[in-house]
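**Student:** Numbering (the numbering used here), first residue to last: 45 to 375.
The structure follows.
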């Protein structure tokens with residue numbers, strides 16, 4: 045699907061963008077991969093690893109619509125991964141998070157429309173479902189913007205969809221590299237905000253593969269949610285430190301005990317497929333009467349029961365300590 049095509053990744057120097065670039069170059073022969081980000085050092089470092097002739101590096105910020113429009117010239121597919129993602133930081137700096145996550149999303153949408161891009165997928169987060177923190181609230185707004193953009197285009201393109209998933213094993217700023225750093229420094233027990241905490245868990249490669257597949261599945265307007273396992277925080281501590289000893293430091297600003305990816309309030313919109321869920325749009329598109337039960341690949345989904353909730357605390361699939369270790373080796 046990506047051979048001969050031009051792809052742009054906002055926030056492309058992050059963990060996701062680097063893995064996505066690695067995967068596309070290994071599997072396809074794209075005409076261009078444009079890395080759009082604001083950090084020149086990260087771009088310089090990434091260019092030392094990814095120097096394929098297809099690679100292009102654009103300094104720019106998603107807050108700057110004109111620069112986005114320049115970068116999207118001739119682009120076929122856009123992955124919007126740029127965001128301010130740190131929950132406590134967003135609580136202390138709300139307007140900065142709003143400018144990047146909401147205004148930036150609108151800029152991506154407008155630039156994609158102006159440039160005649162074919163398809164756009166925006167990355168979301170489990171924190172956007174029933175949000176209690178500012179980061180989650182901004183990503184919920186972003187999700188709504190990308191879904192509604194399909195109505196604005198009226199079927200003329202681009203088409204827009206959203207991918208929502210949980211914590212990524214080993215991504216920058218996440219708990220695993222933090223734990224490993226503390227262990228290497230001999231600092232134990234490990235700090236834990238609450239002993240009952242659970243999280244959805246996915247490897248970076250699985251996240252990339254899910255996004256790639258959804259470019260083929262999408263009609264536009266869907267929120268795609270993968271079926272992935274959960275982890276208990278004390279199992280995570282044991283997997284890396286060999287003991288369940290933890291220092292309970294208290295829940296951080298904006299933090300939840302458990303995360304949700306498909307809220308009960310959206311159960312009437314949720315379809316279950318073999319390996320993922322789809323949340324259908326809350327609004328009716330004027331140009332389309334899709335019910336999304338069959339996707340563009342011919343896969344069939346079924347409505348979930350009323351009140352269904354995909355919740356990290358009552359997930360049917362939990363990783364044990366050894367499975368966490370095994371998953372880490374694949375990350």
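Note that CB positions come from ideal geometry on N, CA and C, so glycine has one too.
Can you check the stretch 288–365 for any beta strand (DSSP E) of at least 3 residues that lies completely inside it and give the ranges in chain order?
**Tutor:** You should have 290–292, 304–306, 314–316, 320–323.
**Student:** Using alpha carbons as the reference points, say which of 111, 103, 62 lies closest to residue 92.
**Tutor:** The residue labelled residue 92 in the question sits at position 48 within the chain shown. Considering only alpha carbons, the answer is 62.
**Student:** If you draw a straight line from the alpha carbon of residue 350 to that of residue 98, how long is it in whole angstroms?
**Tutor:** For this step, residue 350 is matched to residue 306 along the chain shown. For this step, residue 98 is matched to residue 54 along the chain shown. Using only the alpha carbons, I get a separation of about 48 angstroms.
**Student:** Could you check where the alpha helix (DSSP H) with residue 72 kicks off and where it finishes?
**Tutor:** Along the chain shown, one-based indexing puts residue 72 at 28. Here residue 72 belongs to no alpha helix (DSSP H), and DSSP marks it neither H nor E.
**Student:** Using 8 angstroms for Cβ pairs, my map puts residue 191 next to residue 325. What's the rounded Cβ distance?
**Tutor:** By one-based count along the chain shown, residue 191 stands at place 147. By one-based count along the chain shown, residue 325 stands at place 281. Right, the Cβ-Cβ distance comes to about 5 angstroms (below 8 angstroms), so this counts as a contact.
**Student:** Is there contact between the stretch 351–359 and the stretch 281–289, where contact requires at least three CB pairs shorter than 8 angstroms?
**Tutor:** With a cut-off of 8 angstroms, the stretch 281–289 and the stretch 351–359 do not count as touching, because too few Cβ pairs lie within range.
**Student:** Quick check on residue 70: buried or exposed, where buried means 16 or more other Cβ atoms within 10 Å of its Cβ?
**Tutor:** On the chain shown, position 26 is the one that residue 70 refers to. Classification of residue 70: exposed, given that the 10 Å Cβ count is below 16.
**Student:** Have a look at residue 359 and residue 100 and give me their C-alpha separation to the nearest angstrom.
**Tutor:** Position 315 of the chain shown, counting from 1, holds the residue named residue 359. Position 56 of the chain shown, counting from 1, holds the residue named residue 100. Computed Cα separation, rounded: 41 angstroms.
**Student:** At the level of alpha carbons, what is the spacing between residue 60 and residue 329?
**Tutor:** Counted from its first residue, the chain shown places residue 60 at position 16. Counted from its first residue, the chain shown places residue 329 at position 285. Approximately 31 angstroms between the Cα atoms of the pair.
**Student:** Is the beta carbon of residue 109 sitting closer than 8 angstroms to the one on residue 145?
**Tutor:** For this step, residue 109 is matched to residue 65 along the chain shown. For this step, residue 145 is matched to residue 101 along the chain shown. Their beta carbons are not under 8 angstroms apart, which means residue 109 does not touch residue 145 by this criterion.
**Student:** Among the residues of its own chain, which have a CB less than 8 angstroms from the CB of residue 252, if the five just before and after it don't count?
**Tutor:** Sequence index remark: in the chain shown, residue 252 carries index 208 (1-based). Cβ within range, chain order: 60, 63, 64, 67.
**Student:** In whole angstroms, what separates the C-alpha of residue 183 from that of residue 54?
**Tutor:** Start at 1 with the first residue of the chain shown, and residue 183 comes out as number 139. Start at 1 with the first residue of the chain shown, and residue 54 comes out as number 10. Rounded to whole angstroms, residue 183 to residue 54 spans 15 angstroms at the Cα level.
**Student:** Taking the alpha carbon of residue 4 as the point to measure from, which residue in 116, 83, 365 has its own alpha carbon closest?
**Tutor:** Because the chain spans 45 through 375 in this model, residue 4 falls outside it and cannot be assessed.
**Student:** When burial is assigned at 16 or more other CB atoms within 10 Å of the CB, is residue 196 buried or exposed?
**Tutor:** Here residue 196 is taken as the residue at index 152 of the chain shown, counted from 1. Exposed, since its Cβ has fewer than 16 Cβ neighbours within 10 Å.
**Student:** Taking the alpha carbon of residue 300 as the point to measure from, which residue in 176, 249, 335, 270 has its own alpha carbon closest?
**Tutor:** Start at 1 with the first residue of the chain shown, and residue 300 comes out as number 256. If we check each option's Cα against that of residue 300, 176 comes out closest.
**Student:** Might you give, ordered along the chain, the residues of its own chain that have their beta carbon closer than 8 angstroms to the beta carbon of residue 171, omitting 5 neighbours on each side?
**Tutor:** Counting from 1 along the chain shown, the entry for residue 171 is found at position 127. 131, 177, 179, 180, 183, 300, 303.
**Student:** Helix, strand or coil, according to DSSP, for residue 211 in the structure here?
**Tutor:** On the chain shown, residue 211 is found 167 positions in, with the first residue counted as 1. Three-state result, residue 211: strand.
**Student:** Counting only the same chain and skipping the five closest in sequence on each side, list residues whose C-beta sits under 6 angstroms from that of residue 47.
**Tutor:** Position 3 of the chain shown, counted from the start, is the residue given in the question as residue 47. Cβ within range, chain order: 72, 73.
**Student:** Determine the burial state of residue 95: buried for a count of at least 16 other Cβ atoms within 10 Å of its Cβ, exposed for fewer.
**Tutor:** Position 51 of the chain shown, counting from 1, holds the residue named residue 95. It counts as exposed.
**Student:** In terms of alpha-carbon separation, which member of 309, 338, 271, 212 lies closest to residue 374?
**Tutor:** For the purposes of this step, residue 374 is identified with residue 330 of the chain shown, where counting begins at 1. Checked all of 309, 338, 271, 212; the closest Cα to residue 374 is 212.
**Student:** How about residue 243 and residue 210: do their beta carbons lie closer than 8 angstroms?
**Tutor:** Translated into the one-based positions of the chain shown, residue 243 becomes position 199. Translated into the one-based positions of the chain shown, residue 210 becomes position 166. Cβ atoms of residue 243 and residue 210: closer than 8 angstroms.
**Student:** Which one or two residues does DSSP pair with residue 143 in a beta bridge?
**Tutor:** Taking the chain shown and counting its residues from 1, the one referred to as residue 143 is at position 99. Partner(s): none; residue 143 has no beta bridge.
**Student:** Beta strand (DSSP E) containing residue 121: first to last residue?
**Tutor:** Within the chain shown, the letter at position 77 stands for residue 121. Segment 121–124, the beta strand (DSSP E) holding residue 121.
**Student:** Measure the beta-carbon distance from residue 297 to residue 173 and round it to whole angstroms, keeping in mind my assumption that it falls under 8 angstroms.
**Tutor:** Within the chain shown, numbered from 1, the residue matching residue 297 stands at position 253. Within the chain shown, numbered from 1, the residue matching residue 173 stands at position 129. About 19 angstroms; that fails the 8 angstroms criterion.
**Student:** Just the Cα atoms here: how many angstroms apart are residue 116 and residue 327?
**Tutor:** Working through the chain shown from its first residue, we reach residue 116 at position 72. Working through the chain shown from its first residue, we reach residue 327 at position 283. Spanning the two alpha carbons is a distance of roughly 28 angstroms.
**Student:** How would you call residue 204, buried or exposed, if buried means at least 16 neighbouring beta carbons within 10 angstroms?
**Tutor:** Taking the chain shown and counting its residues from 1, the one referred to as residue 204 is at position 160. Buried, since its Cβ has 16 or more Cβ neighbours within 10 Å.
**Student:** For the putative contact between residue 322 and residue 268, defined by C-beta atoms under 8 angstroms, what is the C-beta separation to the nearest angstrom?
**Tutor:** As a first step, residue 322 must be located in the chain shown, where it is residue number 278. As a first step, residue 268 must be located in the chain shown, where it is residue number 224. That belief holds up - the Cβ atoms of residue 322 and residue 268 are roughly 6 angstroms apart, short of 8 angstroms.
**Student:** Report yes if the CB atom of residue 291 is closer than 8 angstroms to the CB atom of residue 234, and no otherwise.
**Tutor:** Within the chain shown, residue 291 is the residue found at index 247, counting from 1. Within the chain shown, residue 234 is the residue found at index 190, counting from 1. Cβ atoms of residue 291 and residue 234: closer than 8 angstroms.
**Student:** Use the C-beta contact count for residue 270: other C-beta atoms within 10 angstroms, 16 or more gives buried, fewer gives exposed.
**Tutor:** Position 226 of the chain shown, counted from the start, is the residue given in the question as residue 270. Buried.
**Student:** Identify which residue in 79, 50, 186, 165 has its Cα closest to the Cα of residue 256.
**Tutor:** Residue mapping note: residue 256 aligns to position 212 of the chain shown, counting from 1. The residue with the shortest Cα to Cα distance from residue 256 is 165.
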